[in-house]
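Following: one structure in C-alpha cells, then a few remarks.
There are 2 protein chains.
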Amino acid sequence: MEKPGLPSGTRDFGPETMIQRKYILSIMQQVFESHGFGALETPALENLKTLQGKYGEEGDQLLFKVLNSGDFLSKADNQWLAEKNSKALAPSISDRGLRYDLTVPMARFVVMNRDKISFPFKRYQMQPVWRADRPQKGRYREFWQCDIDVVGANSIVSEAELIEMYQEVFAQLKLGVVIRINHRGILDAFVPMAGSLEAWQQFMIVIDKADKIGSDGVVKELNERGLCNTVAAWEFLEKTQELPTNEDKLAALRSFADGLNNQEFKERLVRGVFDISKILTLVESNQNVHLDVSLARGLSYYTGTVMEVVVDDGKVPADFKIGSIGGGGRYDNLTGMFGLKDVSGVGVSFGLDRIYDVLQAAALLPSAGTEKHESCLVCAMDEACLDYAYDLCNRLRKQGEKIELYPGTPKLKKQLEYANQRNFGSAIIIGDSEMEQKTYVMKNLVTGAQETRKFPQ
Amino acid sequence: MEKPGLPSGTRDFGPETMIQRKYILSIMQQVFESHGFGALETPALENLKTLQGKYGEEGDQLLFKVLNSGDFLSKADNQWLAEKNSKALAPSISDRGLRYDLTVPMARFVVMNRDKISFPFKRYQMQPVWRADRPQKGRYREFWQCDIDVVGANSIVSEAELIEMYQEVFAQLKLGVVIRINHRGILDAFVPMAGSLEAWQQFMIVIDKADKIGSDGVVKELNERGLCNTVAAWEFLEKTQELPTNEDKLAALRSFADGLNNQEFKERLVRGVFDISKILTLVESNQNVHLDVSLARGLSYYTGTVMEVVVDDGKVPADFKIGSIGGGGRYDNLTGMFGLKDVSGVGVSFGLDRIYDVLQAAALLPSAGTEKHESCLVCAMDEACLDYAYDLCNRLRKQGEKIELYPGTPKLKKQLEYANQRNFGSAIIIGDSEMEQKTYVMKNLVTGAQETRKFPQ
C-alpha cells in the first residue's frame, strides 16, 4: 500500500498548531469587531469568469481550475483536443475555480448584494485562498488571508483607522513592525518623465523589485529596457527615500511638485502628498509608519494610498527573511469589474501563514503543549471501575472542573504516560477501594501531592 | 457586462448570517474543548488517490477534481482523448481533488503522524467539504461538517460521551432532538437469514430507505430483488422497532439471539445488545436516546455502534422536513485504508448547514441585526470636524466604549440613516460648537435623550 501524503504546498494543522493559529486569528477578530467590521465568508468555489482577468496574466495561470462534473469531454472542443492545446481546451472543460484572493469575491458579493448592504460596508474575511504557485519557504499553495475593507466611502480616515488596526493587532501579538505607506498620486507624477503610460508601468515593475535587485540592479534594468528617462526619477525617489523623516520626504515631494509643468499629474502628486500628510497626522502614534516613496505594490487596482507591513523586531533572528506580512490600499473602481461604478474602497490584508512563521521564529507564540495545564485525567483500573469513573467525570465537569476520562482500561502505566504526554496537571485513579468508600483520590502530577475527596452527590 | 453569480450549490455568508453561524460553531467548539478534544484542520486539496475508493462508486463520482496546472494535456492519454472518454481520461489530467468529508483526511493525518500523536487521539474538525451532488433544499455542493472522533481506543465510554456531547450541544442550542442508535452486531445477525453477505448487503441498502419508501415499499423491493428470505428479518425488525421502550427492544433481541444457531453471528448480536445496553446505562439522561434496530447508516466502514440525530421539537414547523442533522459510529479499521491496522475509533458529525436551517425554521437563532445594540456611531458635520471626531473615537474606544466613526462627511441625514440601518444604539454628532467647547453630545437613538460630555483628555 502506498504511503499517504499531502499535495505539495499544503499542510495539516494539528491540535498544537491550531491553538497557536487560533490565538492569532482571535486577536485579529477581536480588533476587527471592536472597530465595527462584520464577518463575511464566500465559497471556495467561484465561477472562473468571476476570477479570470482580475489578477493579470500571471494570476490567471496560477488559478486552480476545477474539472466539470460528469462527462466533461462531451462539450470539449475537438480541435484543441486533437492539438493537445491545454490552454485553449481548459475553458470548455472547467467552469469553476478556487478563490485566488478575498478581494475579488468581496467585490462580487458587494455587487450582487448592493441593494441589501448599508454602505459604507465594513467587512472582515478570514479564509484560505489557493494559488498554483511554486511552493517554497513562506509560500504555500493553500494559505490564509485575513482582509478588512471599507467599501463605499472615500475619506482617508479609513486609511488611518486601518493603520491603527495594524498597530493594534501587532501590538497584541508583541511583534514590532514597520508600516510602509505611499500613494499612487506620488508615483503617477513620473508618468510625464517616463514619456508614456506604458513606459511608466514598466518603470513600476522594475522599482517594485528594488528590495531584491538593489538600486544598481534597478538602474541597470531600466537602461536595459530602454527606460533611460526614468533613471532620473529613480534617483530622485532613492534620494528622497534616504531623507530621515516623513516630513523631510513630504517637503522634497512638495518641491518636486512645484517644478512640474503637467497640471494633471501635478494635482495628483499634491493630492497624494496631502493624503499621506493627513494620514500621518490622524494616526495617534506614527513612529512606525514610514513614507516609502518607491513602494509600488504590484496590484493594478490601487488608485490612492498603498501600504505594506514588514517585520522590525530584534526578537526575530537576523537570518530569518520573509517578505511583507500584510498590505493593501485604496481602490476607486474595484466593483467596476462587475459593472458597479464609482464605489471607492480601501482595504488591507494580513498574511496569517507568514505572521505565524515570524511569530514562531521570534518565539512569540503561546507555548503549545509544553506546560502542564489545569485539566485532570481520570483513569480507571478495570472495566468495573470505568462506569464509576464515567459518572464521576460527568459530575466533576458539571461543577466546572476541566476533566477527561481515559477511554479504556489499559495498564495504569500506559494511562499515566498518556497523562504526561498530554500534559495533564492532575490525575484521578479509580480502583476498587475508591468505589467501596465512595471517594476519589486526586493526584497533582507536578507536586505529586494527593488528596482524597468524597464522590460528588 | 455579465452579471456576476455564484456556482450552483454554493453560498455567501454575509455579516448577519455569520453572527448566527459563529453562534452555533462557538457552542460546538466550547463543548468539544471542554471534553478535551483538540482542533485539527486539513487542506481542502487532497491527492485524489487519498480520496478515491473510500466513498463507494457513487462517492467517487461526486468528487470535485482539480485540473493539473500548466500544460495538463501533455501527459494525457491519446486514446481517451480521441474517444472523448471523460472517465478514463480524468486520472491523467487531474491529480488532486477537494475534500469530500473530514473522516478520510483525519485517517490520513493519523497515519502520517502516528509517531507524534498521543493515542487515544481526540480531535475535532470544523471545515467545509465539497460534493458534486445535485443541489436541492438542505443539500449544498460546499457545506460544513463538524466532526469529533476518538481514535485509538475501543471502550464504549467514548460512545456514551459522544452522545452526551450531542445532548449538550443541542441543549445549548435549545433544539429538541432524538438520538437514534443501533449496532452493526445487531444487523449482522441477519446474515445467516439472508443466506450470503452479498444478499445481506442488499438487504441493508433496502432497509436504509425505509424512512423514504415506507414498510410496504421495503417488502416490495426485497421481493423484487429476490431477497425473499429477508422479508421475515424486516418484519422482525419492524415489530421490534414498534416496542415502546429500549428495554423491550433489547429483550426481544436477546430472545432472538437465543434462537440463533450460527455461533459467530449469535456472538456478534449478543455483543451488540450488550454494548447498546451499556451505553444506555452510562448516558446520564437517556430519554432522547432511542434504539432503532433498523438504523443502518450507509457508510460501509462502521463496525460497531451507529447513530444519527433527528429533530424532535415542536418549535420546528410541521411542514419543515429535513433529514438527519448528525450521525456517526464506531469503525475498527478506518486507518487500515492507509496501511495502519487495528486502530479502533468512534466519531460523530454535526451537519452545520442543516442545523442552521432547522434553527432558523424554529426561530432559535440569535436575532441578526434587528435590535438596537450598544454601539455608538460618531458623525462629523464637515471635514474639519472629522479630525476631531477621529481623535474622539480613539479616546472613547480606549475607555472601552463600542464606537465607530462614519468614514466621511455626507449630509447628516445620510449618516443617521446608516446608524439606523446598522442599528446603532446611540450617535455622537460633531459640529463646530462641540469643537469650540471641547465637548461632544451623545444621543440615545432609542429614547432620543441627549447628554453633553467633555472631550476625554
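Chains as they are written, first to last, in the working numbering: chain D, 408 to 864; chain Y, 408 to 864. For every residue, glycine included, the Cβ atom is placed at its ideal position computed from N, Cα and C.
Buried versus exposed, by CB contacts within 10 Å (16 or more), residue i
i	result
L553(D)	According to the sequence provided, residue 553(D) is Cys. The question's Leu does not apply to it. Per the 10 Å Cβ criterion, buried.
V438(D)	buried
Q822(D)	buried
N693(D)	buried
I612(D)	exposed
V853(Y)	exposed
Q608(D)	exposed
G758(D)	buried
G633(Y)	exposed
K461(D)	buried
P863(Y)	exposed
K494(D)	exposed
P512(D)	buried
Q574(Y)	buried
C792(D)	buried
H442(Y)	buried
Expected contact under 8 Å - CB spacing of residue i and residue j to nearest Å
i	j	result
R860(D)	T846(D)	6 Å
V690(D)	V557(D)	With 8 Å as the limit, V690(D) and V557(D) do not qualify as a contact, their Cβ atoms being about 16 Å apart.
K529(Y)	F444(Y)	5 Å
S701(Y)	Q648(Y)	6 Å
G545(D)	R761(D)	6 Å
L582(Y)	V765(Y)	7 Å
Residue i and residue j closer than 9 Å at C-beta
i	j	result
N589(Y)	V473(Y)	no
N475(Y)	S501(Y)	yes
K673(D)	A664(D)	yes
Y531(D)	I555(D)	yes
H697(Y)	R591(Y)	no
A560(Y)	P422(D)	no
L650(Y)	V680(Y)	no
E566(D)	R737(D)	yes
Q534(Y)	A451(Y)	yes
N851(D)	G838(D)	no
G746(D)	V518(D)	yes
P773(Y)	I426(Y)	yes
Residue i - containing alpha helix (DSSP H), residue span
i	result
I620(Y)	A617 to E631
L698(Y)	Element bounds for L698(Y): not the alpha helix (DSSP H) but the beta strand (DSSP E), V696 to L698.
M849(D)	From DSSP, M849(D) is part of no alpha helix (DSSP H) but of the beta strand (DSSP E) over T846 to N851.
S499(Y)	S493 to I500
R678(D)	Q670 to L689
F727(Y)	Where F727(Y) is concerned, there is no enclosing alpha helix (DSSP H), given that its DSSP letter is neither H nor E.
S662(D)	N653 to D665
K821(D)	L819 to Q828
E465(D)	G463 to L469
E568(Y)	V564 to Q579
A787(D)	Where A787(D) is concerned, there is no enclosing alpha helix (DSSP H), although the beta strand (DSSP E) it sits in stretches over H780 to A787.
Residue span of the beta strand (DSSP E) that contains residue i, given as start and end
i	result
R418(D)	Looking at the DSSP string, R418(D) is not in any beta strand (DSSP E), and its letter there is neither H nor E.
P535(Y)	F528 to W537
D556(D)	E549 to V558
F831(Y)	F831 to I837
S756(D)	G752 to G758
Distance cut-off 8 Å: residue i Cβ against heavy atoms of the ligand ADP
i	result
T710(Y)	With respect to the ligand ADP, the structure shown offers nothing to examine, as it has no ligands at all.
Name the residues in the region 549 to 569 of chain D whose C-beta lies less than 8 Å from a C-beta of chain Y; which are they? Taking 8 Å as the Cβ-Cβ cut-off against chain Y, the residues of the region 549 to 569 of chain D that qualify are E549, V557, A560, N561, S562, V564, S565, A567 and E568.
Would you list, in chain order, the members of the region 448 to 464 of chain D that have their beta-carbon closer than 9 Å to a beta-carbon of chain Y? Contact residues of the region 448 to 464 of chain D toward chain Y are E448, T449, P450, A451, L452, E453, N454, K456 and T457 (C-beta to C-beta distance below 9 Å).
Compile a chain-ordered list of the residues in the region 430 to 442 of chain Y whose CB is closer than 8 Å to at least one CB of chain D. S441 and H442
Residues, ordered as in the chain, of the region 465 to 476 of chain Y that lie near chain D by beta-carbon distance below 7 Å: Residues of the region 465 to 476 of chain Y whose Cβ lies closer than 7 Å to any Cβ of chain D, in chain order: F471, K472, V473, L474 and S476.
Taking a Cβ distance cut-off of 9 Å, strictly less, list which residues of the region 761 to 774 of chain D are near chain Y, in chain order. none
Using a beta-carbon distance cut-off of less than 7 Å, what residues from the region 412 to 428 of chain D approach chain Y? Under the 7 Å Cβ criterion, the region 412 to 428 of chain D contributes G412, L413, P414, T417, R418, D419, F420, G421, P422 and M425.
Against chain Y, which members of the region 511 to 523 of chain D pass a CB distance test of less than 9 Å? P512, A514, R515, F516, V518, M519, N520 and K523
The region 825 to 856 of chain Y: which residues have C-beta closer than 8 Å to a C-beta of chain D, in chain order? Y825, Q828 and R829
If the cut-off is 9 Å on Cβ atoms, which residues from the region 664 to 684 of chain D count as contacting chain Y, listed in chain order? none
Give, in chain order, every residue of the region 683 to 704 of chain D whose Cβ lies closer than 9 Å to some Cβ of chain Y. K685, T688, L689 and E691
Given a limit of 7 Å on CB to CB distance, which residues of the region 704 to 726 of chain Y reach chain D? So the list is empty, because no residue satisfies the distance condition.
For the region 783 to 795 of chain Y, list every residue whose C-beta sits within 7 Å of some C-beta in chain D, in sequence order. Result list: L793 and D794.
Taking any Cβ of chain Y, which residues in the region 637 to 664 of chain D have a Cβ under 8 Å from it, in chain order? none
Residues of the region 621 to 638 of chain D whose Cβ lies closer than 8 Å to any Cβ of chain Y, in chain order: Those residues of the region 621 to 638 of chain D that come within reach of chain Y (Cβ to Cβ, closer than 8 Å) do not exist; the list is empty.
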